[in-house]
Amino acid sequence: MTHAQIPLSPPCTAPTSAQIQRHLRRAGEVAQRAVSLGRHPFGAILVAPDHETVLLEQCNIDTVNHAESTLARIAALNYSASYLWECTLYTTVEPCCMCAGTVYWANIGRVVFGMTEHALLACTGAHGENPTMSVASRYVFDHGQKPVELIGPVAALQDEIQAQHQAFWAGR
Numbered sequence: 080m081t082h083a084q085i086p087l088s089p090p091c092t093a094p095t096s097a098q099i100q101r102h103l104r105r106a107g108e109v110a111q112r113a114v115s116l117g118r119h120p121f122g123a124i125l126v127a128p129d130h131e132t133v134l135l136e137q138c139n140i141d142t143v144n145h146a147e148s149t150l151a152r153i154a155a156l157n158y159s160a161s162y163l164w165e166c167t168l169y170t171t172v173e174p175c176c177m178c179a180g181t182v183y184w185a186n187i188g189r190v191v192f193g194m195t196e197h198a199l200l201a202c203t204g205a206h207g208e209n210p211t212m213s214v215a216s217r218y219v220f221d222h223g224q225k226p227v228e229l230i231g232p233v234a235a236l237q238d239e240i241q242a243q244h245q246a247f248w249a250g251r
């Protein structure tokens with residue numbers, strides 16, 4: 080199936096609030112694993128169309144191999160574009176413009192994030208290790224030809240995710 084044949088409507092079913100919170104918490108655990116490996120606290124997971132099965136997990140690697148972009152590239156190598164369109168990528172922090180573009184090209188149909196890129200900037204400030212860009216993922220997705228669904232920030236988990244980042248960046 081070519082990209083021209085891929086459905087241009089949002090994924091069929093939506094995750095429940097409980098599923099969203101559970102998967103974002105798992106992404107937070109993956110982010111904490113990144114910290115234990117000496118990396119920045121970003122984590123992402125890919126969930127199947129059933130909204131239960133976790134297909135992939137990825138923590139942050141470095142400044143050009145973010146959790147979301149690495150996960151999206153691995154997913155594109157292992158699953159069909161039509162299948163990925165029905166999947167959901169969960170990530171602790173709103174994807175940066177690089178990650179949003181990679182998710183778009185990998186054909187992942189839905190992204191759920193816990194905290195905005197703007198809130199991340201409040202945690203990192205002008206830290207040289209994370210020169211946060213003020214480009215919302217919505218802006219990137221809105222400039223594509225297919226409607227990637229974006230859910231977030233998730234109010235129920237924003238404080239939890241923000242606390243994880245504040246603690247990490249305060250010690251840098």
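Quick note on the numbering used here: the sequence shown kicks off at 80 and runs consecutively.
Note that beta-carbon positions come from the ideal geometry of N, C-alpha and C, so glycine has one too.
Contact between the stretch 200-213 and the stretch 150-163 is absent: fewer than three C-beta pairs spanning the two stretches fall below 8 Å. Beta-bridge annotation (DSSP): Thr170 is paired with Ala123, Phe192. In this model, Glu165 and Asp221 are separated by some 19 Å (Cα to Cα). Classified as buried, Gly188 has 16 or more neighbouring CB atoms from the shown chains inside 10 Å of its CB. Where Ile140 is concerned, there is no enclosing beta strand (DSSP E), because DSSP gives it neither an H nor an E. Boundaries of the alpha helix (DSSP H) harbouring Leu163: 160-164, taken from the DSSP string. DSSP links Glu228 through a beta bridge to Arg189. Rounded to whole angstroms, the separation of the alpha carbons of Leu156 and Ala198 is 32 Å. One Cα belongs to His119, the other to Ala127, and the distance between them is close to 26 Å. Within the model, the alpha-carbon separation for Ala106 versus Thr170 is close to 6 Å. Contact between Pro226 and Phe192 does not hold, since their C-beta atoms are separated by about 17 Å, which reaches or exceeds 8 Å. With a cutoff of 8 Å on beta-carbon distance, His244 and Cys202 are scored as near each other.
Bridge pairing for Asn144: Asp141 [DSSP].
The C-alpha of Gly250 is placed about 31 Å away from the C-alpha of Val182. The C-beta distance from Pro174 to Ser213 rounds to 14 Å, too long to meet the 8 Å contact threshold.
Excluding its 5 nearest sequence neighbours in each direction, Ile140 has C-beta neighbours in its own chain below 7 Å: Arg118, Thr149, listed in chain order.
In this chain, the alpha helix (DSSP H) harbouring Gly107 covers 96-115.
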